[in-house]
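>
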Amino acid sequence: MTVTRRRAPPESAFLEGLVQYYYWDSYEAPLRRPDLTITEIYLALFAHHPRWARWLLVLRGWIVAPFGLRTTTASAFDSIEIKPAYAVGEKIARFTLYAQNSTEMITGGDDRHLDFRVSVRKLTRGGASRVVLSTMVSPHNLYGRAYLLVILPFHRLGVRALLANAVRAGRV
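Numbering (my numbering), first residue to last: 12 to 183.
1. Tell me which residue opens and which closes the beta strand (DSSP E) that residue 41 is part of.
2. What's the call for residue 74, buried or exposed, on a 16-neighbour Cβ count within 10 Å?
3. Starting from residue 173, trace the alpha helix (DSSP H) in both directions and tell me its first and last residue.
4. Put residue 120 into one of helix, strand or coil per three-state DSSP.
5. So, helix, strand or coil for residue 51, using DSSP?
6. What is the rounded straight-line gap between the Cα of residue 15 and the Cα of residue 163?
7. Using a Cβ-Cβ cutoff of less than 8 Å, which residues in the same chain neighbour residue 35 once the five nearest sequence positions on both sides are dropped?
8. Ends of the beta strand (DSSP E) at residue 133?
9. Under 8 Å between the Cβ atoms of residue 49 and residue 102?
10. Taking the straight line between their C-alpha atoms, what separation do you get for residue 111 and residue 59?
11. Can you list, in chain order, the residues of its chain whose CB lies under 7 Å from that of residue 93, leaving out five sequence neighbours each side?
12. Where does residue 150 fall in DSSP's three states?
13. Taking Cβ positions, are residue 165 and residue 129 nearer each other than 8 Å?
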């Protein structure tokens, strides 16, 4: 159950030049259930946050609330609606769905300080299937860049944990 950081994100059908974003990262893990749809893969990752990650996201919400930024509450994790399909513009596991096809789903959010996109890709090469989780961030101002600097260590740890937990639990 190896989660590895990629040197470059996979090509995206929806986002041009991922490496040209202010910040991007990309991690991959084995996809042992290649029969899953991209929606099922996405939910296998984002509908099952580790308890410590939930706590950190709620804490982040308390800290940023006075600045007028979007917050996360504990109930947001308990009320994730799981449907067989989602339409562009709908919320899926706390984020807005921007685009999707059979092998990639793009979600994210826009805020006053930064915009972010999350790409979940299903890749198959040489008979081996992988799930790739990439994050792209575009800060709007100095506050957005400072915020990104503070949260990056937690983000990297959280992304690895989402992938590792999904593999370990047999969800992907």
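Just so you know, even glycine gets a beta-carbon here, dropped at the ideal spot from N, CA and C.
Computed from a predicted model, the values in this text were never measured in an experiment.
Considering the structure as presented:
1. Where residue 41 is concerned, the enclosing beta strand (DSSP E) stretches over 34–41.
2. Exposed, because fewer than 16 other Cβ atoms sit within 10 Å of the Cβ of residue 74.
3. 153–179 is the span of the alpha helix (DSSP H), which, as asked, contains residue 173.
4. Residue 120: strand per DSSP, three-state reduction.
5. Here residue 51 sits in helix by DSSP.
6. Distance between the alpha carbons of residue 15 and residue 163 is about 17 Å.
7. Only residues of its own chain outside the window of five on either side were considered, and among them 20, 29, 145, 146, 147, 148 have a CB closer than 8 Å to the CB of residue 35, listed in chain order.
8. Taken as a continuous stretch (DSSP letters only), the beta strand (DSSP E) holding residue 133 covers 125–136.
9. It is not a contact, given that the beta carbons lie outside the stated cut-off.
10. In a straight line, the C-alpha of residue 111 is about 21 Å away from that of residue 59.
11. These residues qualify, in order along the chain: 54, 58.
12. Residue state, collapsed to three classes: strand.
13. No; because the gap between Cβ atoms is not below 8 Å, this pair is not in contact.
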